[in-house]
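Protein chains in written order, with my numbering: chain A, 1 to 222; chain B, 223 to 357. All remarks here apply to the structure that follows.
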Amino acid sequence: MIVAESKPIKEILEMVKDFKKILVVGCKGCVTVCNVGGAKEAAILASTIRISGKKEGLDVEVNEHTLERQCDPEYINELKDVIVDYDAVISLACGVGPQFLSERYPDKRIFPGVNTKFMGGAVEHGVWEERCAGCGACAIHLFGGLCPIARCSKSLLNGPCGGSSNGKCEISDEVDCVWDLIVTKMMEQDRLDELTVFRPPKSWTTARDGGPRKMIREELVK
Amino acid sequence: MDDFKPQIVAFCCVNCASSAAKVAHGMKKALPDNIKIIQVPCTGRIETLHLLKPFEEGADGVYVAGCQADSCQYINGITKAAKRVEQVKKILEELSMEPERIDVFHMSAGKGQEFVEVADRMVNTIKELGPSMPA
């Protein structure tokens with residue numbers, strides 16, 4: 001999933017301080033799963049802004065609405081009869097949501113309510129780790145099912161650097177050296193020799209380095 | 223500030239705090255009349271939003287009265303509630319409100335006297351802080 005974290009409340013309040021009618025829009029996708037932008041969190045933020053308004057003696061109307069997803073136009077359209085009543089919209093989706101809202105409702109001021117962090121998963125309740133860098137040419141099968149691009153601090157593809165110590169990365173004791181994990185896994189599977197196979201340099205044209213990406217699936221295009 | 227009568231909402235676990243309240247009642251121990259008690263089946267059911275709503279409605283203070291950490295019959299209800307209280311404390315701080323306006327207390331079912339003392343303590347704390355919202 002895409003993992004995000006809440007923006008500081010003060011930052012959000014500063015963004016919307018000039019608006020009297022505010023709509024907080026949640027998303028039932030990834031941000032619901034990582035407990036930062038679903039219906040529950042939208043209600044909490046709306047309540048928080050209302051408390052702030054009352055405390056400051058401001059006449060602010062704040063409501064919340066949660067969409068199935070904010071990365072599909074048909075769900076964004078659902079907002080068309082609701083959004084007319086508001087001056088400002090705070091999207092609690094990943095960075096995609098506020099952009100889709102801005103494109104669909106160009107006369108509205110749209111603000112991001114979360115900071116999008118990475119693609120990853122929950123390793124335990126309340127703890128998420130990065131697992132994918134979206135390079136566009138997955139090769140984890142060559143590395144024991146582990147991604148050295150996302151999980152090595154230097155994205156090294158040819159083995160650990162000198163900063164690997166006791167299975168940890170030199171940047172932090174809390175970060176596993178993924179190359180230590182890869183070598184251990186390949187040894188366990190008796191496939192260590194596969195790491196010595198010559199492979200040409202990775203093409204990064206499929207990654208972000210090739211500019212903004214677009215994907216077209218002809219069989220799905222209407 | 224002497225005539226300020228704070229409005230306080232207390233979320234009370236039905237298994238311990240509410241029983242303590244009954245004991246207090248039986249002991250003729252009077253609870254301050256400005257405390258509104260909301261009985262919950264387990265404090266673990268209390269969401270962050272539940273703790274914010276009273277402030278939105280003008281309450282000056284909120285507290286959760288639940289079991290001892292090791293005696294929740296739903297295992298960890300009060301522990302979850304304590305984490306949500308901490309979250310609301312942070313929200314209040316971000317809104318430049320005093321985090322002491324919300325607190326969590328651990329109770330035992332038979333401690334009627336303690337139930338009243340906690341209520342009185344909360345009333346005194348909030349009285350010192352003053353109203354949460356401008357008049």
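Note that CB positions come from ideal geometry on N, CA and C, so glycine has one too. Predicted, not measured: the structure shown is a model, and the values here were computed from it.
Item	Value
C-beta contact flag for residue 67 of chain A and residue 79 of chain A at 8 Å	yes
Under 8 Å (Cβ pairs) to chain A, residues found in the stretch 260-285 of chain B	269, 270, 271, 274, 275, 277, 278 and 280
Contact between the stretch 53-72 of chain A and the stretch 104-113 of chain A (3+ Cβ pairs under 8 Å)	no
Chain B residues whose Cβ lies nearer than 7 Å to that of residue 113 of chain A	Here the premise fails: no neighbours, minimum Cβ distance about 14 Å.
Under 7 Å from the C-beta of residue 57 of chain A: neighbouring residues of chain B	356
Backbone secondary structure at residue 344 of chain B - three-state DSSP	helix
Same chain only: Cβ atoms within 8 Å of residue 134 of chain A, ignoring 5 sequence neighbours per side	119, 207 and 208
Cβ of residue 43 of chain A within 8 Å of any chain B Cβ	yes
Buried versus exposed, by CB contacts within 10 Å (16 or more), residue 179 of chain A	buried
Buried or exposed (CB count within 10 angstroms, at least 16 for buried), residue 148 of chain A	buried
Within chain B, partners of residue 9 of chain A - CB distance below 8 Å	313, 316 and 317
Whether residue 271 of chain B touches residue 307 of chain B by CB criterion (8 Å)	no
Chain-ordered neighbours of residue 216 of chain A on chain B, where CB pairs are closer than 9 Å	Chain B residues near residue 216 of chain A: none, gap ~42 Å exceeds 9 Å.
The stretch 95-109 of chain A in contact with the stretch 117-131 of chain A per 3-pair CB rule at 8 Å	no
Alpha carbon of residue 292 of chain B to alpha carbon of residue 315 of chain B, nearest angstrom	29 Å
Burial state of residue 151 of chain A (16 or more Cβ within 10 Å)	buried
8 Å Cβ cutoff, residue 171 of chain A in contact with chain B	no
Under 7 Å from the C-beta of residue 47 of chain A: neighbouring residues of chain B	271, 274, 275 and 278
Collapsed DSSP secondary structure at residue 204 of chain A in the structure displayed	coil
Among B/258, B/264, B/275 and B/236, the one whose alpha carbon lies nearest that of residue 341 of chain B	B/258
Residue span of the beta strand (DSSP E) that contains residue 105 of chain A, given as start and end	Unbroken run through residue 105 of chain A: none, as it is neither H nor E.
DSSP beta-bridge partners of residue 112 of chain A	A/91
Near-chain B residues of the stretch 81-104 of chain A - C-beta to any C-beta below 9 Å	none
Buried versus exposed call for residue 325 of chain B [16 or more other C-beta atoms within 10 Å across all chains shown]	buried
Residue 88 of chain A versus residue 200 of chain A: straight-line alpha-carbon distance, rounded	51 Å
Element boundaries [alpha helix (DSSP H), containing residue 249 of chain B]	Per DSSP, residue 249 of chain B belongs to no alpha helix (DSSP H) and is neither H nor E.
Contact the stretch 346-356 of chain B vs the stretch 51-65 of chain A: 3+ CB pairs below 8 Å	yes
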